[in-house]
Amino acid sequence: MTVEIGDAAPEFALADDSGSPVSRQDFAGERLVVYFYPKAFTPGCTGESCDFRDRYQGFRERGYHIVGISPDDPPTLARFRAEHDLPFPLLSDPDHVVAAAYGAWGTKTNYGKEYQGLIRSTFVIGPDGTIEQAWRNVRAKDHAERVEQAIS
Numbered sequence: 315m316t317v318e319i320g321d322a323a324p325e326f327a328l329a330d331d332s333g334s335p336v337s338r339q340d341f342a343g344e345r346l347v348v349y350f351y352p353k354a355f356t357p358g359c360t361g362e363s364c365d366f367r368d369r370y371q372g373f374r375e376r377g378y379h380i381v382g383i384s385p386d387d388p389p390t391l392a393r394f395r396a397e398h399d400l401p402f403p404l405l406s407d408p409d410h411v412v413a414a415a416y417g418a419w420g421t422k423t424n425y426g427k428e429y430q431g432l433i434r435s436t437f438v439i440g441p442d443g444t445i446e447q448a449w450r451n452v453r454a455k456d457h458a459e460r461v462e463q464a465i466s
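Going by the numbering used here, the sequence shown opens with residue 315, and the numbers climb by one from there.
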C-alpha cells in the first residue's frame, strides 16, 4: 500500500524511545513531519536524523512537529536519541506495520540481491490528517534541507 498526497494519513500508535505510546492522534490539528529510516547508528540514518535535529527550530517556527520511525527497539532508540541530542521522539515499528501502511516497507535491491526492507521516506501530514507532501526512496544527505525548503 502506498499513500498519496491528499490521502488520509494512516493512523499509528507506537512505543517511543522511552517506551511510552505515541499516536498520530497526539498531533491532531497540527502539522507533522514523519520520516522513516532503516536503522539507528548507521551513517546515513545518523546523518539524516542529525540534519532534522539541526533544522528542528526552523520546523517548529513554522508549526511542524517531527517524529522519526524505524524498526529499532525503544532501548536502542533511547541511546540513539541521547547520543545525538535529538529533540523529537523516535518511534519503534519492529513489525513494519506502520511503515507498510505508508508504503515505506517493500522490496529493495543491494548488490543485485532483492530483499524486503525499510524504504527511506518522509511524509508531511497536515492539521486535517491528510498527506500534504511525500518523498520516497530518498537519499539521506541533505534530505531534511529539502523538506524544510518545501514547507517554507
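Ideal placement from N, C-alpha and C gives every residue a C-beta, glycine not left out.
Sorting Ile465, Arg460, Gly431 and Glu428 by C-alpha distance to the C-alpha of Glu446 places Ile465 at the top.
Closest option to Asp321, judged by alpha-carbon separation, among Val381, Arg460, Thr444 and His410: Thr444.
Looking at the backbone, the Cα of Pro389 and that of Glu375 are separated by about 30 angstroms. Bridge partners of Gln430 according to DSSP: Thr421. Taking 8 angstroms as the cut-off, the beta carbon of Pro401 is found no closer than this to the beta carbon of Tyr378. In the three-state reduction of the DSSP assignment, Leu404 falls in the strand class, which pools E and B.
Segment contact: the region 319-339 against the region 391-410, three or more CB-CB distances shorter than 8 angstroms; contact assigned. It is roughly 18 angstroms from the alpha-carbon of Gln430 to the alpha-carbon of Ala354. Checking the DSSP bridge columns, you'll see Gly382 partnered with Tyr349 and Leu404. Beta-carbon to beta-carbon, Ala418 and Pro324 are separated by about 10 angstroms, too far to satisfy the 8 angstroms threshold. Partner residues in the beta bridge of Gln447, as assigned by DSSP, are Val438.
In the structure shown, Ser363 falls within a helical segment according to DSSP collapsed to helix, strand and coil. Shown here, Val452 sits in coil according to DSSP, grouped into three states, outside any helix or strand.
Residue range Ala327 to Asp330 is occupied by the beta strand (DSSP E) that includes Ala329. Less than 8 angstroms separates the beta-carbon of Ile380 from that of Phe373.
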